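Chains as they are written, first to last, in full-length UniProt numbering: chain A, 1 to 286; chain B, 1 to 255.
Read the structure below first, then the notes.
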């Protein structure tokens, strides 16, 4: 896959500074690529009919971090990750991954509705194989990669079963495995736990954290649940009501692995409280 | 005791049959209806048995099965790919929907004269008119199955990098299968109806429809009843087989 150069092309020699010591070219480049940024969004526009959701929206998603997206209902959380992942078109602006376009980037997406995201006519194992098949990976290589993935997951699932024979948590695990088998550069998750019960949610977010610690994949997760959003995240992106702007980008730097007791950690409580305050200011409940 | 109870339970579908035979026999015995018009159950069953074993009814039965199967397969082979193609684009389907609905609602028997003029009085006419009627039913079900494909599944395929053709082949086709089978089941029932009617009225020399009309003209009542039962058994068998095939293939249906 050809790697497109950063846009605009980086200068070969240090560009000349102007009279006030500024460097316009470097500034322009840094506008696109602030250090440690993976996804750059510039001037994004999106409207549904007469309703403007995004207008001139800029955002940087950091590399190798988990970014949770949280905000009031209808502010376009899912719309945002759906536009970034190419599921829905946007009206204007540009989204780049390390300077590459979406078609030059391997991304994966985990849907909220695992039952409808899996293919029930295929066994669980074939569901995991499918994206590799689409990429044209030969059968032997496919088998090797899927076997390695199954081994690293170490979960008691009958991979020869059909999806409808599995439990909800097992189905979502298959979805996550199907997403990871292609070694995506970015993993998008749209409310991945919202159809699971509390016990399964704790298990699944723990599993997701383990995957993240092993692989360091950039992840972007939409969440309805502030506790999940903060617990998993390095950054919590808080959005306003529409037309949507960034209300705040809150860092949560607790050490990993985080455990079930992390939620009573003073730093966790502080961050969650801060996020809640901003959320309440934006949401219509007040 | 338990085993007996179980066998009584599993024999339930037979009770109705036995009841019907009993009423029939009684009506015949006390001569409520003219015995020429209503033969006894045993005479009818004997006619069914002898017709099947000596080959005369069996020959017509096979002729009808052949015509129905060929017409149905022709209909399916054309209607399934065409339905997937039309259904994959809602604007495209909307533009032909009226034509499909119109001809789907037109009784196939009303088209007999047209097909006779176009294709003559042979089997070709019967096959084509049957395939036309059954094909439209299949087509419309397949197209609706494709149009109602789960959005999430299509998006999942898209985000995994499937192109149009791969999405059509790997997702839309399978997503439409439950609805396709509804179309196939309705289609084969309709095909049998059209074939029997065609055999009655489009100069035939064989088939259950031809046999029915002939027996009626010659007042061979046991033979006519036997042909009716043979046609009923055929319809039931075709429907049952399609349900069984559907259960095997669409194993995820309703789950």
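A virtual CB, placed ideally from N, CA and C, is assigned to each residue, including glycine.
All of these numbers come straight from a predicted model, not from anything done at the bench.
Secondary structure of residue i, DSSP reduced to three states
i, result
"residue 6 of chain A", "Because the pLDDT of residue 6 of chain A is 44, which lies under 50, any placement of that residue in the model is unreliable, and the number read from its coordinates should be weighed accordingly. DSSP places residue 6 of chain A in coil when its eight states are reduced to three."
"residue 160 of chain A", "coil"
"residue 69 of chain A", "strand"
"residue 188 of chain A", "strand"
"residue 195 of chain A", "coil"
"residue 76 of chain A", "coil"
"residue 218 of chain B", "coil"
"residue 206 of chain B", "coil"
"residue 88 of chain A", "coil"
"residue 49 of chain A", "coil"
"residue 30 of chain B", "coil"
"residue 183 of chain A", "coil"
"residue 106 of chain B", "coil"
"residue 83 of chain B", "helix"
"residue 41 of chain B", "helix"
Residue burial classification, residue i (beta-carbon count within 10 angstroms, cutoff 16)
i, result
"residue 231 of chain B", "buried"
"residue 289 of chain A", "Summary: the structure shown does not reach residue 289 of chain A, with chain A confined to residues 1 through 286, and so no result is reported for it."
"residue 218 of chain B", "exposed"
"residue 191 of chain A", "buried"
"residue 271 of chain A", "buried"
"residue 174 of chain B", "buried"
"residue 35 of chain B", "exposed"
"residue 214 of chain A", "exposed"
"residue 281 of chain A", "exposed"
"residue 216 of chain A", "exposed"
"residue 76 of chain A", "buried"
"residue 71 of chain A", "buried"
"residue 98 of chain B", "exposed"
"residue 230 of chain A", "buried"
"residue 7 of chain B", "exposed"
"residue 139 of chain A", "exposed"
"residue 122 of chain B", "exposed"
"residue 3 of chain B", "exposed"
Length of the line joining the Cα atoms of residue i and residue j
i, j, result
"residue 10 of chain B", "residue 237 of chain B", "20 Å"
"residue 193 of chain B", "residue 171 of chain A", "45 Å"
"residue 38 of chain B", "residue 66 of chain B", "30 Å"
"residue 135 of chain A", "residue 166 of chain B", "11 Å"
"residue 119 of chain B", "residue 129 of chain B", "10 Å"
"residue 13 of chain B", "residue 150 of chain A", "49 Å"
"residue 278 of chain A", "residue 238 of chain A", "8 Å"
"residue 221 of chain A", "residue 196 of chain A", "16 Å"
"residue 146 of chain B", "residue 87 of chain B", "5 Å"
"residue 79 of chain A", "residue 265 of chain A", "32 Å"
"residue 268 of chain A", "residue 109 of chain A", "27 Å"
"residue 47 of chain A", "residue 184 of chain B", "43 Å"
"residue 23 of chain A", "residue 200 of chain A", "52 Å"
"residue 276 of chain A", "residue 180 of chain B", "50 Å"
"residue 60 of chain A", "residue 153 of chain A", "31 Å"
"residue 144 of chain A", "residue 125 of chain A", "13 Å"
"residue 156 of chain A", "residue 148 of chain A", "15 Å"
"residue 184 of chain A", "residue 81 of chain A", "15 Å"
"residue 189 of chain A", "residue 164 of chain B", "24 Å"
"residue 233 of chain B", "residue 100 of chain B", "31 Å"
"residue 204 of chain B", "residue 60 of chain B", "11 Å"
Interface residues of chain B facing residue i [CB-CB closer than 9 Å]
i, result
"residue 135 of chain A", "160, 161"
"residue 86 of chain A", "158, 159"
Range of the contiguous beta strand (DSSP E) that encloses residue i
i, result
"residue 221 of chain A", "218–222"
"residue 249 of chain A", "246–251"
"residue 107 of chain A", "107–110"
"residue 258 of chain A", "Residue 258 of chain A -> no beta strand (DSSP E), and no H or E assigned at all."
"residue 236 of chain A", "235–239"
Limits of the unbroken alpha helix (DSSP H) element including residue i
i, result
"residue 171 of chain A", "168–180"
"residue 102 of chain A", "Per DSSP, residue 102 of chain A belongs to no alpha helix (DSSP H) and is neither H nor E."
"residue 168 of chain B", "Note, residue 168 of chain B: premise wrong, no alpha helix (DSSP H); not H, not E."
"residue 116 of chain B", "112–119"
Closer than 8 Å to chain C by CB, residue i
i, result
"residue 15 of chain B", "Here chain C cannot be found, since the structure's protein chains are A and B."
Within chain B, partners of residue i - CB distance below 8 Å
i, result
"residue 130 of chain A", "160, 170"
"residue 90 of chain A", "None at all; the shortest Cβ gap to chain B is about 15 Å."
"residue 164 of chain A", "252, 255"
Interface partners of residue i on chain A, CB under 7 Å
i, result
"residue 256 of chain B", "Given that chain B is displayed from residue 1 to residue 255, the structure contains no residue 256 of chain B and the question cannot be resolved."
"residue 179 of chain B", "Residues of chain A passing the Cβ test: none, with the nearest at roughly 14 Å."
"residue 258 of chain B", "No information on residue 258 of chain B is available, as it lies outside the stretch 1 to 255 that chain B covers here."
"residue 29 of chain B", "Neighbours of residue 29 of chain B on chain A: none; closest Cβ ~54 Å, over 7 Å."
Partners in chain B for residue i, counting only beta-carbon separations shorter than 7 Å
i, result
"residue 121 of chain A", "174, 252"
Contacts that residue i makes with chain A (C-beta to C-beta distance below 8 Å)
i, result
"residue 42 of chain B", "Simply none; closest approach about 50 Å."
"residue 166 of chain B", "134"
beta-carbon residue i near the ligand SAM non-hydrogen atom, thresh 7 Å
i, result
"residue 25 of chain B", "This structure lacks the ligand SAM, and indeed carries no ligand of any kind."
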